[in-house]
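Report on one structure; see the data block that follows.
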Amino acid sequence: MLSMALAYRVGEATVRMIVKEICYRKCFNANLYETSIVEKAVYRALPKTLLRRHTMQRLHIFPDEKIPEDMLKNITNQIKQLRIVPVQLKRIPRTEIDNFPQLLRYPKNYILK
Numbered sequence: 607m608l609s610m611a612l613a614y615r616v617g618e619a620t621v622r623m624i625v626k627e628i629c630y631r632k633c634f635n636a637n638l639y640e641t642s643i644v645e646k647a648v649y650r651a652l653p654k655t656l657l658r659r660h661t662m663q664r665l666h667i668f669p670d671e672k673i674p675e676d677m678l679k680n681i682t683n684q685i686k687q688l689r690i691v692p693v694q695l696k697r698i699p700r701t702e703i704d705n706f707p708q709l710l711r712y713p714k715n716y717i718l719k
């Protein structure tokens with residue numbers, strides 16, 4: 607999984623086309639290959655203005671989740687999570703499900719459709 611310090615929206619078709627383009631080339635460094643796919647996709651998605659190269663210089667892409675300490679110190683603001691992720695039903699213990707108050711009880715001869 608790639609971690610990025612600055613991200614832009616990129617369409618799947620663009621990424622597929624760039625991946626196909628990069629697969630034909632030889633890359634000797636595995637980390638460079640992993641990051642170059644995302645780098646080319648972001649570069650292509652940016653508007654074609656004079657700010658494009660400056661914005662690409664600000665983009666930091668890493669091949670894994672490890673970000674250098676000096677860069678972590680410079681992070682000033684992060685996007686907060688909008689909603690709390692709900693707990694999955696299979697992760698709730700069975701005792702808690704059984705103790706939850708039921709809103710209605712079906713008769714024993716009732717058939718659910």
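What the sequence shown shows, in the numbering used here, is residues 607 to 719, in sequence order.
A virtual CB, placed ideally from N, CA and C, is assigned to each residue, including glycine.
Residue i to residue j, Cα distance in whole Å?
i, j, result
"Lys646", "Leu656", "17 Å"
"Cys633", "Gln687", "Confidence is the limiting factor: at Cys633 the pLDDT is only 47, short of 50, which leaves the residue's position unreliable, though a coordinate-based value still follows. Going by the C-alpha atoms only, they are around 37 Å apart."
"Leu665", "Arg700", "46 Å"
"Asp676", "Thr682", "12 Å"
"Tyr712", "Leu718", "9 Å"
"Asn680", "Asn705", "48 Å"
Any chance the CB of residue i is under 6 Å from a heavy atom of the ligand MG?
i, result
"Lys719", "You won't find the ligand MG in this model; it holds no ligand whatsoever."
Report task. Evaluate contact between the segment 637-646 and the segment 657-670, counting only Cβ atoms and requiring at least three cross-stretch pairs below 8 Å. Result -> yes
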